Amino acid sequence: PYYDSLLVKVTTHALTFEGAVAKLNRNLKEFRIRGIKTNIPFLENVMQHNDFLSGEYNTSFVDSSPELFVFAKRRDRGTKLLNYIGNVTVNGFPGISSSEKPAFEDVIIPNVSDIQIADKGTKQLLDEL
């Protein structure tokens, strides 16, 4: 029931505030975390809020902005597409016969002496001092 809620920290840098906000928005949209709820939708709403973007906010910003807690449903098309591609790759496509898997050439393992000694490294050179 208990877990560390800080899964990851994201920082962005740009020459302007608007540029940093744009980078952070993109970072938040590209996150894919499964299995637990995150505050990503909340952070996306903050980054798009007019008061935040204009700098006209104070310590009561979150309390006075209930719209920050209205979240749009994510469509998650990327994961659906990857699941589909993986399923077709592994299980094939109905109605299309699968082809033989390509035969790979035998791997040639080079002969290496078990007692081959590496050249002296930095540690050995410092030990000699």
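Going left to right, the sequence shown walks through residues 78 to 206 as the numbering used here numbers them. Glycine residues also receive a C-beta, built at the ideal position from the N, C-alpha and C atoms. The structure presented is a predicted model; accordingly, all values stated were derived computationally and were not measured.
Burial state of residue i, where buried means 16 or more other Cβ atoms lie within 10 Å
i: residue 121; result: buried
i: residue 158; result: exposed
i: residue 123; result: buried
CA-to-CA distance, residue j to residue i, given in whole angstroms
i: residue 188; j: residue 198; result: 24 Å
i: residue 107; j: residue 135; result: 28 Å
i: residue 153; j: residue 111; result: 11 Å
i: residue 105; j: residue 84; result: 13 Å
i: residue 138; j: residue 131; result: 13 Å
i: residue 201; j: residue 195; result: 11 Å
i: residue 86; j: residue 96; result: 19 Å
i: residue 162; j: residue 114; result: 26 Å
i: residue 192; j: residue 185; result: 21 Å
i: residue 128; j: residue 171; result: 53 Å
First through last residue of the alpha helix (DSSP H) which encompasses residue i
i: residue 119; result: 117-125
i: residue 204; result: 199-204
i: residue 195; result: Taken as a continuous stretch (DSSP letters only), residue 195 belongs to no alpha helix (DSSP H), as it is neither H nor E.
i: residue 109; result: Note, residue 109: premise wrong, no alpha helix (DSSP H); not H, not E.
Nearest-angstrom beta carbon gap, residue j and residue i [assumed within contact, 8 Å]
i: residue 101; j: residue 126; result: About 13 Å separates the two Cβ atoms, so there is no contact after all.
i: residue 179; j: residue 148; result: Their Cβ separation, rounded to whole angstroms, is 46 Å, which puts residue 179 and residue 148 out of contact at 8 Å.
i: residue 109; j: residue 156; result: 7 Å
The ligand FAD heavy atom lying under 7 Å from the CB of residue i
i: residue 150; result: This structure lacks the ligand FAD; in fact it carries no ligand of any kind.
**Prompt:** What are the uninterrupted segments assigned as alpha helix (DSSP H) that are 4 or more residues long and contained completely in the region 147-192, given in chain order?
**Reply:** Under the rule that a run must span 4 or more residues, the alpha helix (DSSP H) segments found entirely inside the region 147-192 read 154-168.
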